[in-house]
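Peer 1: Before I ask anything, let me first share the structure, which is written out below as structure tokens.
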Amino acid sequence: MFLEYGGRLTISQLNWLPHLSHLPCLPVCRCVLLRTEVEEGHVLTGSRAKCSLIASNSISYSLVSLKSMADLREPIELRFEPDTELADRDPQPFSVDLIRASKVVTTVTHARYGKFDGKTACLLVFRSDFVPDYKVRFKFVEIALKIVRAEDSSIIAYRPYTWHGMAAELPIKQSSGIGGRFGGSAGEEEAGLDTGVETNDKQWTEIKKAQILSVLEDSTVTWLLSENDVKREGVPNPFTAALIIETDGDFSIRVIYHANLSESADPSSQKPAYARLTRPLDLGQRSVGTGRGPSVADMEEMEKDSFDLNTLAPADWNL
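Count along the sequence shown starting at 1, add 751, and that's the number in the numbering used here.
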């Protein structure tokens, strides 16, 4: 859902548009209007509108086109939706409202261009904050980041690869039993003796850990986040990833989240859901400009050992 603009607005109502508020009240003027999508946190830039400033201190305009790119300058808030195809297979009742009340906020904390082995490369660091409804938790999350709209771009390094939390023991009892019946019959009467012995001869202990696994395939890197089934504290959160992307030109990324949410302490209770960026996130040099986030040393020699992606994507969850 987008804010739709139309009609006439006074100049005083344009204070939230700093790039327009300084314009003088000219009889006729044409300019470019930046529009933002505020529902679900998507931020779009570059919407072009024809604007006419009129001497009566009001402005009227009509939308011409919308640039279909998300904006890396602001956090992007996404609400989860139920995965209907999988949800139909789950016999346990689960409120759709609980799924839609859960969200993920994606923030680009670093975006800077530099060099890797003498070639142009982009450093990208993003953070995902998972915010469940108070009645549920995230049992499992799959994060897929894919490079799109690029011919000569590839992921040459990323972190984290893997991570394992603290071990917790889950007792598993295996029972074996022996039973029988001895007896006979005489006429219409039957006599018998039931005997039975049940023994617990094996005690198993399964080690459970919260963990992160990852897979890099072609232009997509996928992280798999799992909770500890014993502690039931949810997936590692927030999740931060750092990537070096070699590129000869402009490129964009898409991020898709698939999750299993649990409403109870039962490890088998879960409902599938998904959330995704509805528009690619532009990471071309023009969009990144001089960079986002704090400066990073050795940006012109990112292949060096001193350039450590682990410092940008710390894995320090207490799970």
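For glycine and all other residues, C-beta sits at the position ideal for the given N, C-alpha and C.
(1) Tell me whether GLN1036 sits in a helix, a strand or coil according to DSSP, three-state version.
(2) Just confirm the distance between the C-beta atoms of ALA919 and LYS982, as a whole number of angstroms; I'd bet it's less than 8 Å.
(3) What are the start and end residues of the beta strand (DSSP E) that includes ASP848?
(4) Comparing alpha-carbon positions, which option in PHE867, SER1020, ALA852, PHE990 lies nearest ALA1072?
(5) Distance, Cα to Cα, LEU921 vs HIS1009?
(6) On the DSSP bridge list, what partners appear for TRP914?
(7) Taking Cβ to Cβ, would you say ARG910 is nearer than 9 Å to ALA992?
(8) Could you please give the first and the last residue of the uninterrupted beta strand (DSSP E) stretch that includes GLY865?
(9) Residue ranges of each alpha helix (DSSP H) run of no fewer than 4 residues wholly in the stretch 1021-1065, ordered along the chain?
(10) Could you give the distance in angstroms between the alpha-carbon of SER816 and the alpha-carbon of ALA901?
(11) In chain order, what residues of the same chain lie with their CB nearer than 6 Å to the CB of ASN1069, ignoring the 5 residues before and after it?
(12) Taking 6 Å as the limit between beta carbons, can you name the residues of its chain near VAL855, skipping five residues before and five after?
(13) What is the DSSP secondary structure of ALA937, reduced to helix, strand or coil?
(14) Rounded to the nearest angstrom, what separates ARG1005 and THR1029 at their Cα positions?
Peer 2: From the atom records:
(1) Position 285 of the sequence shown holds residue 1036. Helix, per DSSP.
(2) Residue numbering aside, residue 919 sits at position 168 when the sequence shown is read from its first letter. Residue numbering aside, residue 982 sits at position 231 when the sequence shown is read from its first letter. Indeed they touch by this definition, with Cβ atoms about 6 Å apart.
(3) Taking the sequence shown and counting its residues from 1, the one referred to as residue 848 is at position 97. Careful: ASP848 lies outside any beta strand (DSSP E), inside the alpha helix (DSSP H) at 847-851.
(4) This structure gives no information on residue 1072, because the portion of the chain shown stretches from 752 to 1070.
(5) Taking the first residue of the sequence shown as position 1, residue 921 is located at position 170. Taking the first residue of the sequence shown as position 1, residue 1009 is located at position 258. Near 26 Å, if we compare the C-alpha coordinates of HIS1009 and LEU921.
(6) Position 163 of the sequence shown holds residue 914. ILE963.
(7) Reading the sequence shown from its first residue, position 159 is the one you call residue 910. Reading the sequence shown from its first residue, position 241 is the one you call residue 992. Closer than 9 Å, so yes.
(8) To locate residue 865, count along the sequence shown from 1; it is residue 114. From DSSP, the beta strand (DSSP E) with GLY865 extends over 854-867.
(9) 1036-1039
(10) Numbered from its first residue, the sequence shown carries residue 816 at position 65. Numbered from its first residue, the sequence shown carries residue 901 at position 150. Here SER816 scores only 29 on pLDDT, less than 50, and its place in the model should not be relied on; the value that follows carries that caveat. Roughly 23 Å between the two C-alpha positions.
(11) On the sequence shown, residue 1069 is found 318 positions in, with the first residue counted as 1. Excluding residues within five positions, none has a Cβ falling inside 6 Å.
(12) As a position in the sequence shown, residue 855 is number 104, starting the count at 1. Excluding sequence neighbours, VAL855 sits near LEU829, SER879, PHE881, TYR1008, ALA1026.
(13) Position 186 of the sequence shown, counting from 1, holds the residue named residue 937. Only weak support is given to the placement of ALA937: the predicted model assigns it a pLDDT of 48, under 50, and the question is left unresolved by the model.
(14) If you number the sequence shown from 1, residue 1005 lands on position 254. If you number the sequence shown from 1, residue 1029 lands on position 278. If I take the Cα positions, the gap works out to 8 Å.
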